[in-house]
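Numbering-wise, the UniProt record's numbering puts 269 at position 269 of the sequence shown, and it's gapless, one number per residue. We put the CB at the ideal spot given by N, CA and C, even for glycine. So the structure is just underneath, and the comments pick up after that.
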Amino acid sequence: MVMREEEIEKLRGVVRDCVSKHLYSSAIFFADKVAAFTEDPADVYMQAQALFLGRHFRRAFHLLNASKIVLRDPRFRYLAAKCLEELKEWDQCLMMLGDAKVDEHGNVLDNKDHSGMYLDKDSEDREINIAAATCFLRGKAYEALENRTQARLWYKAAIKADPLCYEALECLIESHMLTCDEESSLLLSLQFGPEDGWLSSFYACLIKKYDKENIIEARFKELERESCNSESYDPSFTRTLKTNTDLLACKAEYYHQCGEYQKCFQLTSVLLEKDPFHLKSTLVHLAAAMELGHSNELYLMACNLVKDYPQKALSWFAVGCYYYCIKKYDQSRRYFSKATSLDGTFAPAWIGYGNAYAAQEEGDQAMSAYRTGARLFPGCHLPTLYIGMEYMRTHSFKLAEQFFVQAKTICSSDPLVYNELGVVAYDMKEYNKAAWWFEKTLACIPSPLSEMWEPTVVNLAHSYRKLKMYREAIMYYEKALALSTRSLSTYAGLAYTYHLQDHFTAAITYYHKALWLKPDDQFCTEMLSLALMDECQNGMDPKADLRRSEVFV
Numbered sequence: 001m002v003m004r005e006e007e008i009e010k011l012r013g014v015v016r017d018c019v020s021k022h023l024y025s026s027a028i029f030f031a032d033k034v035a036a037f038t039e040d041p042a043d044v045y046m047q048a049q050a051l052f053l054g055r056h057f058r059r060a061f062h063l064l065n066a067s068k069i070v071l072r073d074p075r076f077r078y079l080a081a082k083c084l085e086e087l088k089e090w091d092q093c094l095m096m097l098g099d100a101k102v103d104e105h106g107n108v109l110d111n112k113d114h115s116g117m118y119l120d121k122d123s124e125d126r127e128i129n130i131a132a133a134t135c136f137l138r139g140k141a142y143e144a145l146e147n148r149t150q151a152r153l154w155y156k157a158a159i160k161a162d163p164l165c166y167e168a169l170e171c172l173i174e175s176h177m178l179t180c181d182e183e184s185s186l187l188l189s190l191q192f193g194p195e196d197g198w199l200s201s202f203y204a205c206l207i208k209k210y211d212k213e214n215i216i217e218a219r220f221k222e223l224e225r226e227s228c229n230s231e232s233y234d235p236s237f238t239r240t241l242k243t244n245t246d247l248l249a250c251k252a253e254y255y256h257q258c259g260e261y262q263k264c265f266q267l268t269s270v271l272l273e274k275d276p277f278h279l280k281s282t283l284v285h286l287a288a289a290m291e292l293g294h295s296n297e298l299y300l301m302a303c304n305l306v307k308d309y310p311q312k313a314l315s316w317f318a319v320g321c322y323y324y325c326i327k328k329y330d331q332s333r334r335y336f337s338k339a340t341s342l343d344g345t346f347a348p349a350w351i352g353y354g355n356a357y358a359a360q361e362e363g364d365q366a367m368s369a370y371r372t373g374a375r376l377f378p379g380c381h382l383p384t385l386y387i388g389m390e391y392m393r394t395h396s397f398k399l400a401e402q403f404f405v406q407a408k409t410i411c412s413s414d415p416l417v418y419n420e421l422g423v424v425a426y427d428m429k430e431y432n433k434a435a436w437w438f439e440k441t442l443a444c445i446p447s448p449l450s451e452m453w454e455p456t457v458v459n460l461a462h463s464y465r466k467l468k469m470y471r472e473a474i475m476y477y478e479k480a481l482a483l484s485t486r487s488l489s490t491y492a493g494l495a496y497t498y499h500l501q502d503h504f505t506a507a508i509t510y511y512h513k514a515l516w517l518k519p520d521d522q523f524c525t526e527m528l529s530l531a532l533m534d535e536c537q538n539g540m541d542p543k544a545d546l547r548r549s550e551v552f553v
């Protein structure tokens, strides 16, 4: 039986309609007949697509591999490799994609012509470069084979080949494959089209957000300004983008990194009401709830996630967060461990696993978890930072400093790293250096300061006191009291500073306030007795010398 071209074209339309309606068996049936009638490579490709969508991966691969052009046409080769990806045959997948080399900057050295596409396509539609898709698939294969170095290079190659290949950027960011500087350099190297200004701004909001407040805020404003430019053409686009869940999730992540946990929690609560299954918002929401101690919210979130996504690492991470929040660290570890077994590339679970051990001072196990995190996520500075903190706990200050410097190399703008460098310098009695780091920390923090940074302010005051810069020390102790009035260290430090200046009345007042917070504090009790004696002696001998060694740290 011979069919006219018009009838065949109608059948092709039926296949496309079946695919759009997810009727894949029907699509396979009709695509098979069209390919049999025409033997046209475009129709063979359409049949293979239908088989792939119907999850008949072996059959689709066999069909493509049997064609004479599979190694000549990049579309055939790519779809064949996708079939092998679904079958988890990663070495064969790489072989199908062919030999190619990539340099350390993500530039493909074997840049052959990837033209040639048989599928009919509306000329007005924009396409993602097939070379970008191929590079991305190579990255996925290398990552599955645990060759994360090659995976990182091929993901960079994919996003460089076509900035519209968002999945490559997502893998680089979510798997923490790049440092802050590397992320910024990669974005600068991308060649966006003249109509993609909004996309460039959006990508800038997706990367790590440890820059200064004005730089981050400028990124969000720039994105809104790019949106406004299109208002005359499509007003709805502007409104949609300003309230876009992905963009607001980026803002929530920024608030979390700034220590604005309440602000972050409020924003993610609104986002999850709008889109309860937006997983990026869910992760940030869990992190904010942890910091705020909202155990009930964590319990409800964990229950819902385990019910809806029992095979996702995020669900069991949420359960671990709940138990960590209520200080049941053994159970917490169990569920963080389950999250890592489900997805070994889920960074928060590794960090949570280490933190749960550290909370019970099980340093060796905590270090093991942090080291695994540092190895798997070279672009994430937190595992390295926590290794340094563990060394601090065991008073290995030189080793701690080395890891803090390494964390600073990975992320040079996180104020928490500067704070830890200040703490280790203080413990090594390098008070000038400590004060410099604490000042640098506070300079990087958005104003007004939140209560989270009160210890840094106190640490700076301690450093000034050690340097005998008493006026500056008192100023920063008072700033710390403006952030929190329930800190024993602040009251004790302020009292001791006044005491060193022979201002006994003020010293006595603040020793009393410190003892009101902790009546059995030995240092404040002893120093209060000394201050009372000194005040009496001072009344008899104005030139009485206060000779004592500093014992307050």
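What would DSSP say about residue i, mapped onto helix, strand or coil?
i           : result
residue 306 : helix
residue 108 : strand
residue 229 : Note that residue 229 scores a pLDDT of 49, beneath 50, so its modelled location is shaky; the value from the coordinates is reported in the next line. DSSP places residue 229 in helix when its eight states are reduced to three.
residue 457 : helix
residue 70  : coil
residue 13  : helix
residue 529 : helix
residue 18  : helix
Which residue comes first and which comes last in the alpha helix (DSSP H) that contains residue i?
i           : result
residue 404 : 397-410
residue 35  : 24-38
residue 387 : 382-393
residue 478 : 470-483
residue 294 : Note, residue 294: premise wrong, no alpha helix (DSSP H); not H, not E.
residue 326 : Looking at the DSSP string, residue 326 is not in any alpha helix (DSSP H), and its letter there is neither H nor E.
residue 426 : 415-427
residue 177 : No alpha helix (DSSP H) holds residue 177; DSSP gives it neither H nor E.
residue 509 : 504-517
Using CA atoms only, rank isn't needed, just tell me which of the options is closest to residue i.
i           : options               : result
residue 250 : 273, 22 and 285       : 285
residue 51  : 97, 108, 468 and 15   : 15
residue 258 : 293, 390 and 444      : 444
residue 347 : 467, 88, 84 and 177   : 177
residue 86  : 37, 141, 128 and 216  : 141
residue 288 : 307, 271, 261 and 107 : 261
residue 378 : 206, 407, 35 and 218  : 407
residue 389 : 354, 275, 482 and 323 : 354
residue 512 : 210, 490, 37 and 419  : 490
residue 198 : 170, 279 and 244      : 244
residue 97  : 163, 74 and 107       : 74
residue 325 : 308, 299 and 310      : 299
residue 7   : 468, 30 and 195       : 30
residue 291 : 169, 128 and 352      : 352
For residue i, count the other beta carbons within 10 Å of its own beta carbon; 16 or more makes it buried, fewer makes it exposed. Which is it?
i           : result
residue 395 : exposed
residue 130 : buried
residue 175 : buried
residue 39  : exposed
residue 172 : buried
residue 201 : buried
residue 188 : exposed
residue 94  : buried
residue 420 : buried
residue 91  : exposed
residue 123 : For residue 123, the predicted structure reports a pLDDT of 42, less than 50, and the residue's modelled location is therefore unreliable. A value from the coordinates is still provided. Classification of residue 123: exposed, given that the 10 Å Cβ count is below 16.
residue 409 : exposed
residue 404 : buried
Just to confirm, are residue i and residue j a CB contact at a threshold of 8 Å?
i           : j           : result
residue 504 : residue 459 : no
residue 282 : residue 247 : no
residue 69  : residue 76  : yes
residue 526 : residue 508 : no
residue 480 : residue 461 : yes
residue 497 : residue 477 : yes
residue 23  : residue 48  : no
residue 426 : residue 484 : no
residue 255 : residue 263 : yes
residue 183 : residue 153 : no
residue 165 : residue 144 : no
residue 335 : residue 295 : no
residue 210 : residue 341 : no
residue 376 : residue 345 : yes
Give a yes or no on whether 8 Å exceeds the smallest Cβ distance from residue i to chain B.
i           : result
residue 487 : Judged by its chain identifiers, the structure shown contains no chain B, having just a single protein chain.
Would the C-beta of residue i count as close to the ligand HEM, meaning under 7 Å from any of its heavy atoms?
i           : result
residue 248 : Within the structure as shown, the ligand HEM is missing, as the structure has no ligands at all.
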